[in-house]
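Q: If you count the sequence shown from 1, position 231 lands on 225 in this note's numbering, and the numbers rise without skipping.
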Amino acid sequence: MQIGMIGLGRMGANMVRRLLAGGHQCVVFDRNPAAAQELVALGAVAASSLAGLVEKLTLPRTVWIMLPAGAVEETVTALASLLTAGDCIVDGGNSPFEAAIRRAQALRSADIDFVDAGVSGGVWGLERGYCLMLGGPAAAVDRLKPLLETLAPGRSGIAPKVEATGSAADGYLHCGPSGAGHFVKMVHNGIEYGLMAAYAEGFNLLQHAGAGLAPDASTEHAERYRYRFDLPAIAELWRRGSVVGSWLLDLTAAALGDDPGLQGFEGRVADSGEGRWTLKAGIDTAVPMPVISAALYGRFDSRGEADFADRLLSAMRWQFGGHQEK
-5 MQIGMIGLGR
5 MGANMVRRLL
15 AGGHQCVVFD
25 RNPAAAQELV
35 ALGAVAASSL
45 AGLVEKLTLP
55 RTVWIMLPAG
65 AVEETVTALA
75 SLLTAGDCIV
85 DGGNSPFEAA
95 IRRAQALRSA
105 DIDFVDAGVS
115 GGVWGLERGY
125 CLMLGGPAAA
135 VDRLKPLLET
145 LAPGRSGIAP
155 KVEATGSAAD
165 GYLHCGPSGA
175 GHFVKMVHNG
185 IEYGLMAAYA
195 EGFNLLQHAG
205 AGLAPDASTE
215 HAERYRYRFD
225 LPAIAELWRR
235 GSVVGSWLLD
245 LTAAALGDDP
255 GLQGFEGRVA
265 DSGEGRWTLK
275 AGIDTAVPMP
285 VISAALYGRF
295 DSRGEADFAD
305 RLLSAMRWQF
315 GGHQEK
């Protein structure tokens, strides 16, 4: 099947590589021409503009966008003036689900399909495949099936628990109408925030379990906290038979194995939007999400956003009790 891919960052480029390896024809465009040329060497066709990309595609066209959320609106607007009835735009980036609903409605009058695709797999997707969460018209998603089957991991040796879920066992799913794919991906990433925070907090406690060994230890019951744990070994241990085992733990073990003290990181944790959007949806629907909320605020704290508040707390303690900072 033929596809046009716009945005050749780490995800977009690797998706093209996987599609090319699966026998699909890929026309590619990126603002950085060098990114496209790397894929030309593998069999892709490069376009120098959006118009050029559309011209190189045969009807009905499928154009997949892998861009940051802020760049999608401009790109969809430009494509809308270039595509014709029966064509399809797929937004595979992390865009708000509300935007997918609006964009699909705007394109409907021109009979251009819009599919919102949540894509999970990161830099490992080329090797492992991508988990794909799709929203939009069923007929449009069905037409994408050859691409989805190539991009998705397939069964990967994992026996399905519920056969009735159909393509979900192969790693892709039509989740519902417009916005459904990005909604499911939004919640997926919110859960990811919480899982990451739980692993980080647990390993942090293991790291500090020797607090009682310090000569000037002020830890309560210091005699109880005299452990020096091998964190890479514990992460490796938990990968085997533990109920907290996961691919995320696999990656944690790899990170600790490479750099046990994590000296290569400063600990400033970014958030790309999905955690905030998940909390907003929770507020809109009155669904409590204390874990995801705490994880998001923890990321804010990691970037020093609580610095002024912390200093004010210290100032207040000085004002009411004369407490010195230690």
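Beta carbons are placed, not taken as given, at the ideal position from N, Cα and C, and that holds for glycine.
1) With a threshold of 7 Å on Cβ separation, who are the neighbours of Ser161 within its own chain once the five nearest residues in sequence on each side are excluded?
2) Which of the three DSSP states, helix, strand or coil, is assigned to Phe314?
3) Within 10 Å of its beta-carbon, does Asn198 have 16 or more other beta-carbons around it, so buried, or fewer, so exposed?
4) The alpha helix (DSSP H) with Met5 in it runs from where to where?
5) In three-state DSSP terms, what is Asp265?
6) Considering only residues of the same chain and omitting the five flanking positions on each side of Ile95, which have a CB-CB separation below 6 Å?
7) Assuming Val338 and Trp58 make a contact with CB atoms under 8 Å, what is their CB distance in whole Å?
8) On the DSSP bridge list, what partners appear for Tyr166?
9) Which residues does DSSP pair with Val113 in a beta bridge?
10) Given Gly14, which residues of its chain have a CB within under 8 Å of its CB, disregarding the five upstream and five downstream residues?
11) Report back the beta-carbon spacing between Ile286 and Leu306 to the nearest angstrom; my notes put them in contact at under 8 Å.
12) Are the beta-carbon atoms belonging to Gly123 and Pro147 less than 8 Å from one another?
13) With Gly(-2) as the anchor, note down where its beta strand (DSSP E) starts and where it stops.
14) Nearest CA to the CA of Gly116: which residue from Asp278, Arg262, Asn8?
15) Please state whether DSSP places Thr56 in a helix, a strand or coil.
16) Have a look at Phe223 and Asn26 and give me their C-alpha separation to the nearest angstrom.
17) Go ahead and label Gly269 buried or exposed: buried means 16 or more other beta carbons lie within 10 angstroms of its beta carbon, across all protein chains shown.
18) Gly119 and Met(-5) look like a contact to me (Cβ under 8 Å); what is the Cβ gap, rounded to whole Å?
19) Rounded to the nearest angstrom, how far is the Cβ of Asp105 from that of Phe91, given a contact under 8 Å?
20) Under a Cβ-count criterion, where at least 16 other Cβ atoms within 10 Å of its own Cβ denotes burial, should Thr372 be classed as buried or exposed?
21) Do Phe108 and Ala98 have their CB atoms nearer than 8 Å?
22) Using DSSP's beta-bridge definition, name the partner residues of Phe223.
23) Could you pull out every residue in the same chain whose Cβ sits closer than 6 Å to the Cβ of Gly261, ignoring the five residues on either side in sequence?
24) Hey, Leu2 and Asp24 are a contact pair by Cβ (cut 8 Å); roughly how many whole angstroms apart?
A: A quick look at the data gives this:
1) The residue you call residue 161 lines up with position 167 of the sequence shown. Leu167, listed in sequence order.
2) Here the question's residue 314 lines up with position 320 in the sequence shown. Here Phe314 sits in helix by DSSP.
3) Indexing the sequence shown from 1 puts residue 198 at position 204. Counting Cβ neighbours within 10 Å, Asn198 comes out exposed, since fewer than 16 surround it.
4) Locating residue 5 in the sequence shown gives position 11, counting from the first residue. For Met5, the uninterrupted alpha helix (DSSP H) segment begins and ends at 4 to 15.
5) One-based indexing of the sequence shown puts residue 265 at position 271. Note: Asp265 maps to coil in three-state DSSP.
6) On the sequence shown, position 101 is the one that residue 95 refers to. Excluding residues within five positions, the ones whose Cβ falls inside 6 Å are Ser172, Gly173.
7) A query on residue 338 cannot be resolved here, the shown segment of the chain reaching from -5 to 320 and no further.
8) In the sequence shown, residue 166 corresponds to position 172, counting from 1. In the DSSP secondary-structure assignment, Tyr166 is bridged to Leu126.
9) Locating residue 113 in the sequence shown gives position 119, where the first residue counts as 1. For Val113, which the question treats as bridged, DSSP gives the partners Leu126.
10) On the sequence shown, residue 14 is found 20 positions in, with the first residue counted as 1. Residue 14 is actually Leu in this sequence, not Gly. Excluding five sequence positions before and after Leu14, the CB atoms of its chain that fall closer than 8 Å to its own CB belong to Cys20, Leu33, Leu36, Gly37, Ala38, given in chain order.
11) As a position in the sequence shown, residue 286 is number 292, starting the count at 1. As a position in the sequence shown, residue 306 is number 312, starting the count at 1. The C-beta separation of Ile286 from Leu306 comes to about 27 Å, leaving the pair out of contact by the 8 Å criterion.
12) Start at 1 with the first residue of the sequence shown, and residue 123 comes out as number 129. Start at 1 with the first residue of the sequence shown, and residue 147 comes out as number 153. A contact, by the Cβ cut-off of 8 Å.
13) As a position in the sequence shown, residue -2 is number 4, starting the count at 1. Its beta strand (DSSP E) spans residues -4 to 0.
14) Taking the sequence shown and counting its residues from 1, one reaches residue 116 at position 122. The shortest C-alpha separation from Gly116 is found at Asn8.
15) What you label residue 56 is simply residue 62 of the sequence shown in a count that begins at 1. Assignment of Thr56 by DSSP, reduced to helix, strand and coil, places it in the strand class.
16) On the sequence shown, position 229 is the one that residue 223 refers to. On the sequence shown, position 32 is the one that residue 26 refers to. Computed Cα separation, rounded: 46 Å.
17) Stepping through the sequence shown from its first residue, residue 269 is reached at position 275. By the Cβ neighbour-count rule, Gly269 is buried, with 16 or more other Cβ atoms within 10 Å of its own.
18) Here residue 119 refers to the residue found at position 125 when the sequence shown is read from its first residue. Here residue -5 refers to the residue found at position 1 when the sequence shown is read from its first residue. Separation of the CB atoms of Gly119 and Met(-5) is rounded to 18 Å, and the pair is thereby denied contact status at 8 Å.
19) Position 111 of the sequence shown, counted from the start, is the residue given in the question as residue 105. Position 97 of the sequence shown, counted from the start, is the residue given in the question as residue 91. At roughly 23 Å, the Cβ-Cβ gap does not stay under 8 Å, so Asp105 and Phe91 are not in contact.
20) Because the chain in this structure spans residues -5 to 320, residue 372 falls outside the shown range and cannot be described.
21) Indexing the sequence shown from 1 puts residue 108 at position 114. Indexing the sequence shown from 1 puts residue 98 at position 104. The beta carbons of Phe108 and Ala98 sit closer together than 8 Å.
22) Residue 223 sits at position 229 when you count from the first residue of the sequence shown. Note: Phe223 sits in no beta bridge, so no partner.
23) Against the sequence shown, residue 261 aligns to sequence position 267. So the list reads Ser296, once near-sequence residues are dropped.
24) Taking the first residue of the sequence shown as position 1, residue 2 is located at position 8. Taking the first residue of the sequence shown as position 1, residue 24 is located at position 30. For a cut-off of 8 Å, the C-beta gap from Leu2 to Asp24 is around 4 Å, short enough to register as a contact.
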